[in-house]
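A.B. asks: Can you read through this structure? Questions will come right after.
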Amino acid sequence: MEKSKIVIKFICGTKKYRVSYIFTMIVSFVSIIISVILPLTMQNIIDKGILQKNLNILMFYVSISVILTVLENLLVYITNTRYAKIRMKYIYDAKEQALKKLSLLNGEQCLEINSAKLMNIIEKDINEIADGLTDRIFLFVNDIISASFSFVILLKINYKIFAIILLIQGFIFFINKKIGLKVKDVTQKYRKEMDIQKAGLQDEVLNLEYLIQTNMMGFF
2 MEKSKIVIKF ICGTKKYRVS YIFTMIVSFV SIIISVILPL TMQNIIDKGI LQKNLNILMF
62 YVSISVILTV LENLLVYITN TRYAKIRMKY IYDAKEQALK KLSLLNGEQC LEINSAKLMN
122 IIEKDINEIA DGLTDRIFLF VNDIISASFS FVILLKINYK IFAIILLIQG FIFFINKKIG
182 LKVKDVTQKY RKEMDIQKAG LQDEVLNLEY LIQTNMMGFF
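Residue numbering for the sequence shown follows this note's numbering, starting at 2 and increasing by one per position.
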């Protein structure tokens, strides 16, 4: 538990990633707001453009709808790629700092360290803590904001065009799916980079274990 607190302190203290993370969340929130506004633009396209046969208004709201759709998907792409990169480097920095902290322990303290527990902290605990501080909080806050905006919009929307909006949202979902595949490729690229860095961390662990064994031999 004490070691986990140390890890949390490392992660929370990484200010440069904290700022990047907040910026990424803001970008995500903007994309959520746009996705909620889009149904209103569709309502105006039908009510003020098609039904009233006003070509100028129709083209105006169609243009806004297209721009917002492109902007939304662009923001989603930026959010996902930045978030994947931040998280991977976030975890790497935490592991690196944890190893540096452990390498500064004296011989008596090293004797109290269990190598298996040490590897468990480095390989598992840090990832779980990072998930708790990033993925879960990120998704939770996003869901709350999205649901709140959606509820307000649904109170004002004309349900006669609900089916049309569903079709449009389905198209947007298809685009987001394509973007998701692209983000997956980018994420895999970052993971390969982190694997290379991970090899360096494993060397640090081996050096630390050697230090522990050396100190143990010194005591005996």
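Note that beta-carbon positions come from the ideal geometry of N, C-alpha and C, so glycine has one too.
What does a CB cutoff of less than 8 Å around F28 pick up in its chain, not counting 5 residues either side in sequence?
C.D. replies: Within the sequence shown, the letter at position 27 stands for residue 28. In the sequence as presented, Phe is not what sits at residue 28; that position holds Val. Answer for V28: L76, I79, T80, R83, listed in chain order.
A.B. asks: How many angstroms separate the CA atom of L59 from the CA atom of K49?
C.D. replies: Residue numbering aside, residue 59 sits at position 58 when the sequence shown is read from its first letter. Residue numbering aside, residue 49 sits at position 48 when the sequence shown is read from its first letter. Cα to Cα, L59 sits roughly 7 Å from K49.
A.B. asks: Look at the Cβ atom of V63, then the Cβ atom of I46, and state whether they are nearer than 7 Å.
C.D. replies: Position 62 of the sequence shown, counted from the first residue, corresponds to residue 63. Position 45 of the sequence shown, counted from the first residue, corresponds to residue 46. For V63 and I46, yes; Cβs fall inside 7 Å.
A.B. asks: Assign K54 to buried or exposed, taking buried as 16 or more other Cβ atoms, counted over all protein chains shown, within 10 Å of its Cβ.
C.D. replies: To locate residue 54, count along the sequence shown from 1; it is residue 53. When all chains shown are included, K54 counts as exposed.
A.B. asks: Pick from V20, S36, M26: whose alpha carbon is nearest that of V227?
C.D. replies: Any answer about residue 227 is impossible in this case: the structure gives the chain only from 2 up to 221.
A.B. asks: So, with DSSP's three-state summary, where would you put N55?
C.D. replies: As a working note, residue 55 is residue 54 in the sequence shown. Here N55 sits in coil by DSSP.
A.B. asks: Figure out for me which residue from Q98, I92, A85 has the closest Cα to the Cα of T25.
C.D. replies: Walking along the sequence shown from the start, residue 25 turns up at place 24. The shortest Cα separation from T25 among Q98, I92, A85 belongs to A85.
A.B. asks: Taking C-beta to C-beta, are S21 and I87 nearer than 7 Å?
C.D. replies: The sequence position of residue 21 within the sequence shown is 20, counting from 1. The sequence position of residue 87 within the sequence shown is 86, counting from 1. Yes; because the gap between Cβ atoms is below 7 Å, this pair is in contact.
A.B. asks: Measure the alpha-carbon distance for I68 versus I34 and round it to whole angstroms.
C.D. replies: The residue given as residue 68 occupies position 67 in the sequence shown. The residue given as residue 34 occupies position 33 in the sequence shown. Taking the straight line from one Cα to the other gives about 14 Å.
A.B. asks: Would you kindly work out how many angstroms separate the C-alpha atoms of E73 and I23, rounded to a whole number?
C.D. replies: Your numbering for residue 73 matches position 72 in the sequence shown. Your numbering for residue 23 matches position 22 in the sequence shown. Roughly 18 Å separates the two Cα atoms.
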